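Enquirer: Taking UniProt numbering, I'd label the letters of the sequence shown as residues 1 to 347. Dropping a structure here in C-alpha coordinates format, bear with me for questions.
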Amino acid sequence: MKTPTYKNVHHRFKLNGFHLDADDLCRVAYSFIKEGEAYERSVGTFLLDWFDDRSHIEIHTSGSTGDPKNIWVDKQAMVNSALATGDFFDLSPGNRILHCLPTKFIAGKMMFVRGFILGLDVDFVAPTANPFEYNDQKYDFAAMVPMQAEHSIDSLSNIKKLIIGGASISPSLEKKLMKIPSEIYETYGMTETITHIAAKKVGEAAFSVLPGVTVSYDDNNCLVIHAPRISEDVIVTRDVVELINENQFLFLGRADNVVNSGGIKLIPEVIESKLSGKIGQRFFVAGVPDETLGEKLVLFVEGTQVEISTEVFSNLDKYERPREIRFVPAFSETGSGKIIRRETTGV
(Lines of atoms letter the chains of each structure in order from A; the text may use other names.)
(Lines give C-alpha, C1' and ligand atoms only; values in the text may rest on other atoms or scores of the structure.)
Protein backbone atom coordinates (compact mmCIF):
# COMPACT_ATOMS: atom_id res chain seq x y z
CA MET A 1 0.00 0.00 0.00
CA LYS A 2 1.37 3.38 -1.01
CA THR A 3 2.17 5.79 1.83
CA PRO A 4 -0.12 8.85 1.66
CA THR A 5 1.44 12.28 1.24
CA TYR A 6 0.51 15.60 2.78
CA LYS A 7 -1.52 16.41 -0.36
CA ASN A 8 -3.92 13.54 0.36
CA VAL A 9 -7.20 13.93 2.23
CA HIS A 10 -8.78 10.58 3.07
CA HIS A 11 -12.25 10.11 1.54
CA ARG A 12 -13.64 9.25 5.00
CA PHE A 13 -12.39 12.49 6.60
CA LYS A 14 -15.07 14.69 8.15
CA LEU A 15 -14.93 18.02 9.93
CA ASN A 16 -17.85 18.75 12.26
CA GLY A 17 -20.04 16.30 10.34
CA PHE A 18 -19.15 17.35 6.78
CA HIS A 19 -17.06 15.44 4.23
CA LEU A 20 -14.43 17.90 2.99
CA ASP A 21 -11.62 17.60 0.45
CA ALA A 22 -8.53 19.82 0.14
CA ASP A 23 -10.36 22.51 -1.85
CA ASP A 24 -13.22 22.54 0.65
CA LEU A 25 -10.76 22.89 3.52
CA CYS A 26 -9.08 25.87 1.87
CA ARG A 27 -12.49 27.55 1.55
CA VAL A 28 -13.14 26.82 5.23
CA ALA A 29 -9.73 28.30 6.01
CA TYR A 30 -10.54 31.59 4.29
CA SER A 31 -13.85 31.74 6.15
CA PHE A 32 -12.16 31.13 9.50
CA ILE A 33 -9.54 33.80 8.84
CA LYS A 34 -12.12 36.36 7.74
CA GLU A 35 -14.95 35.71 10.17
CA GLY A 36 -13.80 33.26 12.84
CA GLU A 37 -12.88 33.51 16.49
CA ALA A 38 -9.18 33.75 17.40
CA TYR A 39 -8.82 29.96 17.80
CA GLU A 40 -10.51 29.44 14.41
CA ARG A 41 -8.25 31.96 12.68
CA SER A 42 -5.19 29.95 13.74
CA VAL A 43 -6.84 26.88 12.18
CA GLY A 44 -7.43 28.78 8.96
CA THR A 45 -3.79 29.82 8.79
CA PHE A 46 -2.65 26.24 9.40
CA LEU A 47 -4.93 24.81 6.70
CA LEU A 48 -3.64 27.25 4.09
CA ASP A 49 -0.05 26.50 5.11
CA TRP A 50 -0.70 22.74 4.97
CA PHE A 51 -2.14 22.75 1.46
CA ASP A 52 0.34 25.18 -0.12
CA ASP A 53 3.20 24.05 -2.38
CA ARG A 54 5.88 24.00 0.30
CA SER A 55 7.04 20.66 1.75
CA HIS A 56 7.69 22.18 5.19
CA ILE A 57 5.60 24.04 7.74
CA GLU A 58 6.61 26.47 10.48
CA ILE A 59 5.88 25.31 14.04
CA HIS A 60 6.01 27.27 17.32
CA THR A 61 7.59 25.65 20.39
CA SER A 62 5.96 26.19 23.79
CA GLY A 63 9.01 27.61 25.60
CA SER A 64 8.73 25.44 28.72
CA THR A 65 12.43 24.51 28.65
CA GLY A 66 13.85 27.58 26.93
CA ASP A 67 12.82 30.58 24.89
CA PRO A 68 9.89 29.95 22.51
CA LYS A 69 11.09 29.59 18.95
CA ASN A 70 9.93 28.69 15.47
CA ILE A 71 11.20 25.58 13.70
CA TRP A 72 10.56 24.13 10.24
CA VAL A 73 9.04 20.64 10.14
CA ASP A 74 8.70 18.40 7.09
CA LYS A 75 5.05 17.79 6.22
CA GLN A 76 5.71 14.20 5.20
CA ALA A 77 7.25 13.60 8.63
CA MET A 78 3.98 14.85 10.14
CA VAL A 79 2.11 12.38 7.92
CA ASN A 80 4.40 9.58 9.11
CA SER A 81 3.77 10.60 12.71
CA ALA A 82 0.02 10.45 12.12
CA LEU A 83 0.34 6.95 10.64
CA ALA A 84 2.38 5.77 13.63
CA THR A 85 -0.26 7.14 16.01
CA GLY A 86 -2.96 5.36 14.05
CA ASP A 87 -1.08 2.07 14.30
CA PHE A 88 -0.24 2.40 17.99
CA PHE A 89 -3.76 3.35 19.11
CA ASP A 90 -5.55 1.20 16.50
CA LEU A 91 -7.44 4.09 14.89
CA SER A 92 -9.64 3.27 11.89
CA PRO A 93 -11.28 5.34 9.13
CA GLY A 94 -14.57 6.74 10.39
CA ASN A 95 -13.53 6.84 14.06
CA ARG A 96 -14.95 9.91 15.76
CA ILE A 97 -12.39 12.09 17.51
CA LEU A 98 -12.60 15.19 19.67
CA HIS A 99 -10.21 18.02 18.76
CA CYS A 100 -10.04 20.47 21.67
CA LEU A 101 -6.40 21.66 21.53
CA PRO A 102 -5.12 25.05 20.32
CA THR A 103 -3.88 24.79 16.74
CA LYS A 104 -1.11 27.31 17.38
CA PHE A 105 1.10 24.46 18.63
CA ILE A 106 2.09 21.11 17.14
CA ALA A 107 -0.38 18.97 19.12
CA GLY A 108 -3.38 20.85 17.73
CA LYS A 109 -2.01 20.76 14.21
CA MET A 110 -1.41 17.02 14.41
CA MET A 111 -5.01 16.28 15.39
CA PHE A 112 -6.06 17.69 12.01
CA VAL A 113 -3.29 15.82 10.18
CA ARG A 114 -4.45 12.56 11.77
CA GLY A 115 -7.94 13.34 10.55
CA PHE A 116 -6.83 14.04 6.96
CA ILE A 117 -4.54 11.02 6.71
CA LEU A 118 -6.44 8.38 8.70
CA GLY A 119 -9.94 9.35 7.54
CA LEU A 120 -11.27 10.35 10.96
CA ASP A 121 -14.50 12.15 11.84
CA VAL A 122 -13.16 15.25 13.60
CA ASP A 123 -15.39 17.16 16.04
CA PHE A 124 -13.51 20.44 16.39
CA VAL A 125 -14.38 22.62 19.40
CA ALA A 126 -12.90 25.65 21.15
CA PRO A 127 -9.78 24.79 23.21
CA THR A 128 -11.34 25.54 26.61
CA ALA A 129 -10.43 24.23 30.06
CA ASN A 130 -13.48 21.93 30.00
CA PRO A 131 -14.31 20.74 26.46
CA PHE A 132 -17.27 18.78 27.84
CA GLU A 133 -18.95 21.71 29.59
CA TYR A 134 -21.64 21.86 26.89
CA ASN A 135 -20.91 18.55 25.21
CA ASP A 136 -22.32 15.10 25.93
CA GLN A 137 -21.11 13.39 22.74
CA LYS A 138 -19.14 10.13 22.71
CA TYR A 139 -15.78 9.73 20.96
CA ASP A 140 -13.38 6.99 19.93
CA PHE A 141 -10.30 9.12 20.53
CA ALA A 142 -9.24 12.49 21.94
CA ALA A 143 -6.16 14.40 23.08
CA MET A 144 -6.00 16.78 26.03
CA VAL A 145 -3.55 18.55 28.30
CA PRO A 146 -3.68 17.64 32.02
CA MET A 147 -5.65 20.77 32.93
CA GLN A 148 -8.43 19.82 30.50
CA ALA A 149 -8.51 16.24 31.78
CA GLU A 150 -8.79 17.53 35.36
CA HIS A 151 -11.69 19.83 34.51
CA SER A 152 -13.44 17.15 32.39
CA ILE A 153 -12.95 14.27 34.84
CA ASP A 154 -16.66 13.42 35.13
CA SER A 155 -17.06 13.20 31.34
CA LEU A 156 -13.92 11.32 30.31
CA SER A 157 -15.81 8.01 30.18
CA ASN A 158 -17.34 9.40 26.97
CA ILE A 159 -13.95 8.85 25.30
CA LYS A 160 -12.81 5.29 24.47
CA LYS A 161 -9.13 6.24 24.15
CA LEU A 162 -7.65 9.45 25.55
CA ILE A 163 -4.07 10.68 25.28
CA ILE A 164 -2.79 13.34 27.66
CA GLY A 165 0.34 15.34 26.92
CA GLY A 166 1.92 18.78 26.96
CA ALA A 167 2.83 18.39 30.65
CA SER A 168 3.30 15.51 33.06
CA ILE A 169 0.26 13.97 34.73
CA SER A 170 0.41 14.62 38.46
CA PRO A 171 0.06 11.62 40.79
CA SER A 172 -3.20 13.04 42.17
CA LEU A 173 -4.71 13.33 38.69
CA GLU A 174 -3.42 9.87 37.78
CA LYS A 175 -5.33 8.37 40.71
CA LYS A 176 -8.56 9.92 39.42
CA LEU A 177 -7.89 8.77 35.86
CA MET A 178 -7.31 5.18 36.95
CA LYS A 179 -10.92 4.98 38.15
CA ILE A 180 -12.26 5.78 34.67
CA PRO A 181 -13.09 2.79 32.43
CA SER A 182 -11.62 4.44 29.30
CA GLU A 183 -8.14 3.66 27.93
CA ILE A 184 -6.10 6.65 29.08
CA TYR A 185 -2.46 7.23 28.16
CA GLU A 186 0.22 9.70 29.13
CA THR A 187 2.35 10.60 26.13
CA TYR A 188 6.00 11.57 25.81
CA GLY A 189 7.25 13.89 23.11
CA MET A 190 8.11 17.42 22.08
CA THR A 191 7.72 19.76 19.14
CA GLU A 192 10.91 18.43 17.56
CA THR A 193 9.51 14.86 17.60
CA ILE A 194 6.19 16.05 16.09
CA THR A 195 4.25 15.40 19.32
CA HIS A 196 4.48 11.99 20.98
CA ILE A 197 6.95 9.25 20.15
CA ALA A 198 5.98 7.12 23.17
CA ALA A 199 3.05 6.51 25.49
CA LYS A 200 2.10 4.60 28.63
CA LYS A 201 -1.25 3.73 30.18
CA VAL A 202 -1.99 5.60 33.40
CA GLY A 203 -0.80 3.50 36.29
CA GLU A 204 2.08 2.01 34.33
CA ALA A 205 5.68 3.09 34.87
CA ALA A 206 7.37 2.61 31.49
CA PHE A 207 6.78 4.44 28.22
CA SER A 208 6.60 2.29 25.07
CA VAL A 209 7.66 3.81 21.75
CA LEU A 210 5.50 4.12 18.65
CA PRO A 211 6.15 2.08 15.49
CA GLY A 212 9.33 3.11 13.67
CA VAL A 213 10.95 4.53 16.81
CA THR A 214 13.77 3.15 18.96
CA VAL A 215 15.56 4.75 21.90
CA SER A 216 18.95 4.69 23.61
CA TYR A 217 20.74 7.02 26.03
CA ASP A 218 23.96 9.03 26.12
CA ASP A 219 26.76 9.30 28.69
CA ASN A 220 24.57 11.56 30.85
CA ASN A 221 21.68 9.04 30.86
CA CYS A 222 19.68 11.41 28.64
CA LEU A 223 17.24 9.87 26.18
CA VAL A 224 18.33 9.59 22.55
CA ILE A 225 15.53 9.11 19.99
CA HIS A 226 15.97 7.29 16.69
CA ALA A 227 12.94 8.02 14.49
CA PRO A 228 14.04 8.06 10.83
CA ARG A 229 10.49 8.47 9.49
CA ILE A 230 10.11 11.64 11.54
CA SER A 231 13.61 13.11 11.72
CA GLU A 232 16.69 12.50 9.58
CA ASP A 233 18.80 13.42 12.62
CA VAL A 234 19.03 11.48 15.84
CA ILE A 235 17.33 13.56 18.55
CA VAL A 236 19.32 13.92 21.77
CA THR A 237 17.07 15.12 24.58
CA ARG A 238 17.77 16.61 28.00
CA ASP A 239 15.52 14.05 29.70
CA VAL A 240 17.15 11.70 32.20
CA VAL A 241 15.81 8.17 31.77
CA GLU A 242 16.27 4.60 32.85
CA LEU A 243 16.37 2.46 29.73
CA ILE A 244 14.57 -0.88 29.85
CA ASN A 245 15.25 -1.81 26.22
CA GLU A 246 15.28 -0.06 22.84
CA ASN A 247 11.48 0.19 22.94
CA GLN A 248 10.79 1.10 26.58
CA PHE A 249 12.10 3.60 29.13
CA LEU A 250 11.34 5.18 32.50
CA PHE A 251 11.30 8.99 32.59
CA LEU A 252 13.15 10.31 35.65
CA GLY A 253 13.40 14.06 35.05
CA ARG A 254 14.95 16.90 33.11
CA ALA A 255 18.73 17.15 33.13
CA ASP A 256 18.31 20.94 33.17
CA ASN A 257 16.49 20.63 36.50
CA VAL A 258 19.07 18.42 38.24
CA VAL A 259 20.39 20.06 41.42
CA ASN A 260 24.04 19.61 42.40
CA SER A 261 24.00 20.29 46.14
CA GLY A 262 27.39 19.82 47.76
CA GLY A 263 28.33 17.24 45.12
CA ILE A 264 25.07 15.28 45.54
CA LYS A 265 22.99 15.21 42.36
CA LEU A 266 19.25 15.43 43.03
CA ILE A 267 16.47 14.92 40.47
CA PRO A 268 13.59 17.26 41.38
CA GLU A 269 10.91 15.19 39.66
CA VAL A 270 11.80 12.15 41.81
CA ILE A 271 11.55 14.23 45.00
CA GLU A 272 8.27 15.80 43.86
CA SER A 273 6.81 12.35 43.29
CA LYS A 274 7.61 11.44 46.90
CA LEU A 275 5.89 14.63 48.11
CA SER A 276 2.79 14.12 45.97
CA GLY A 277 -0.48 14.42 47.88
CA LYS A 278 1.21 15.88 50.97
CA ILE A 279 1.01 19.56 50.01
CA GLY A 280 -2.35 21.11 49.22
CA GLN A 281 -1.03 23.67 46.74
CA ARG A 282 0.97 23.31 43.52
CA PHE A 283 4.67 22.98 44.22
CA PHE A 284 8.05 22.01 42.80
CA VAL A 285 11.63 21.83 44.05
CA ALA A 286 14.59 23.52 42.41
CA GLY A 287 18.18 24.54 43.08
CA VAL A 288 19.18 28.10 43.92
CA PRO A 289 22.76 29.39 44.28
CA ASP A 290 24.38 28.82 47.67
CA GLU A 291 27.88 29.88 48.78
CA THR A 292 28.53 26.71 50.73
CA LEU A 293 26.77 24.01 48.70
CA GLY A 294 26.95 25.54 45.24
CA GLU A 295 23.21 24.96 45.00
CA LYS A 296 20.69 24.37 47.74
CA LEU A 297 17.36 22.60 47.29
CA VAL A 298 14.35 24.90 47.73
CA LEU A 299 10.66 23.99 47.81
CA PHE A 300 8.54 26.49 45.85
CA VAL A 301 4.83 26.53 46.74
CA GLU A 302 2.15 28.41 44.79
CA GLY A 303 -0.28 30.65 46.66
CA THR A 304 -0.49 32.23 50.08
CA GLN A 305 1.89 31.21 52.84
CA VAL A 306 0.78 28.27 54.99
CA GLU A 307 2.42 26.15 57.66
CA ILE A 308 4.05 23.03 56.22
CA SER A 309 4.81 20.36 58.79
CA THR A 310 8.19 18.64 58.82
CA GLU A 311 6.23 15.36 58.67
CA VAL A 312 5.63 16.14 54.98
CA PHE A 313 9.30 15.37 54.33
CA SER A 314 9.51 12.20 56.44
CA ASN A 315 9.90 9.82 53.47
CA LEU A 316 12.69 11.85 51.85
CA ASP A 317 16.35 10.96 52.14
CA LYS A 318 18.60 13.31 54.08
CA TYR A 319 19.86 15.13 51.00
CA GLU A 320 16.41 15.30 49.38
CA ARG A 321 14.92 17.47 52.12
CA PRO A 322 14.49 21.12 51.04
CA ARG A 323 16.64 23.58 52.97
CA GLU A 324 14.16 26.40 52.43
CA ILE A 325 10.48 26.91 51.51
CA ARG A 326 9.45 29.86 49.35
CA PHE A 327 5.89 30.86 48.48
CA VAL A 328 5.11 32.35 45.05
CA PRO A 329 1.72 34.02 44.31
CA ALA A 330 1.42 32.33 40.89
CA PHE A 331 3.76 30.07 38.92
CA SER A 332 4.74 30.99 35.37
CA GLU A 333 3.40 28.39 32.96
CA THR A 334 2.92 27.55 29.30
CA GLY A 335 -0.45 27.46 27.57
CA SER A 336 -0.70 23.74 28.31
CA GLY A 337 -0.22 24.31 32.03
CA LYS A 338 3.41 23.19 32.22
CA ILE A 339 5.29 25.11 34.92
CA ILE A 340 8.19 27.23 33.63
CA ARG A 341 10.58 26.62 36.52
CA ARG A 342 13.40 29.03 35.75
CA GLU A 343 11.02 31.93 35.15
CA THR A 344 9.19 31.16 38.39
CA THR A 345 12.33 30.88 40.51
CA GLY A 346 14.11 33.80 38.87
CA VAL A 347 17.36 31.79 38.85
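Ideal Cβ positions, reconstructed from N, Cα and C, are used throughout, including at glycine. Note that this is a predicted model, so its numbers are computed, not measured.
Determine which residues share a DSSP beta bridge with PRO289 and list them.
Expert: GLU295
Enquirer: For VAL43, which residues in the same chain have their Cβ closer than 6 Å to its Cβ, ignoring the five residues on either side in sequence?
Expert: PHE32, THR103
Enquirer: Given that a residue counts as buried once 16 or more other Cβ atoms are within 10 Å of its Cβ, and exposed if not, what is HIS19?
Expert: It counts as exposed.
Enquirer: Check this for me: beta carbons of GLY86 and PHE13, under 8 Å apart or not?
Expert: no
Enquirer: Pick from ARG254, LYS274, PRO322: whose alpha carbon is nearest that of LEU293?
Expert: Checked all of ARG254, LYS274, PRO322; the closest Cα to LEU293 is PRO322.
Enquirer: In the structure shown, what three-state DSSP assignment does PHE13 receive?
Expert: coil
Enquirer: Quick one: what's got a C-beta closer than 7 Å to ILE153's C-beta in the same chain, skipping five residues either side?
Expert: LYS176
Enquirer: Look up MET144 in the DSSP assignment and say whether it is helix, strand or coil.
Expert: strand
Enquirer: Going by alpha carbons, who is nearest to LYS75 out of ASP290, ASP52, LYS265?
Expert: ASP52
Enquirer: If contact is defined by three or more beta carbon pairs under 8 Å, each pair taking one atom from either stretch, is the region 199–216 in contact with the region 237–248?
Expert: yes
Enquirer: With a Cβ-Cβ cutoff of 8 Å, do ILE184 and ILE197 count as a contact?
Expert: Using a Cβ distance threshold of 8 Å, ILE184 and ILE197 do not count as a contacting pair.
Enquirer: On a Cα-Cα basis, can you pick out the residue from LEU250, THR187, HIS151, GLU320 that is closest to LEU173?
Expert: HIS151
Enquirer: Alpha carbon to alpha carbon, how far is ALA38 from THR45?
Expert: 11 Å
Enquirer: Return the first residue and the last residue of the alpha helix (DSSP H) that residue 418 is part of.
Expert: Not covered by the structure: residue 418. The range shown for the chain is 1 to 347.
Enquirer: Rounded to a whole number of angstroms, what is the C-alpha to C-alpha distance between ILE225 and GLU333?
Expert: 26 Å
Enquirer: Would you kindly report the start and end of the unbroken alpha helix (DSSP H) that includes TYR39?
Expert: 38–50
Enquirer: Could you give the residue range of the alpha helix (DSSP H) that holds PHE91?
Expert: Here residue 91 turns out to be Leu, not Phe, going by the sequence shown. LEU91 -> no alpha helix (DSSP H), and no H or E assigned at all.
Enquirer: Which whole-angstrom value describes the C-beta separation of PHE141 and ILE97, a residue pair presumed to lie in contact below a C-beta threshold of 8 Å?
Expert: 4 Å
Enquirer: Short check: CB of LEU162 to CB of SER182, under 8 Å?
Expert: Yes, Cβ-Cβ distance for LEU162 and SER182 is below 8 Å.
Enquirer: Hey, how far is the Cα of ILE340 from the Cα of ASN257?
Expert: 11 Å
Enquirer: Can you name the start and end residues of the alpha helix (DSSP H) that ARG238 belongs to?
Expert: Per DSSP, ARG238 belongs to no alpha helix (DSSP H); it is in the beta strand (DSSP E), 235–245.
Enquirer: Any contact between the region 300–320 and the region 257–276? By contact I mean 3 or more CB pairs, one from each, below 8 Å.
Expert: yes
Enquirer: Hey, quick one: how far does the beta strand (DSSP E) through THR344 stretch, first residue to last?
Expert: Counting along the chain, THR344 falls outside any beta strand (DSSP E), though it belongs to the alpha helix (DSSP H) covering 341–345.
Enquirer: To the nearest angstrom, report how far apart ILE279 and MET147 are at their CA atoms.
Expert: 18 Å
Enquirer: Helix, strand or coil for PHE251 per DSSP?
Expert: In the three-state reduction of the DSSP assignment, PHE251 falls in the strand class.
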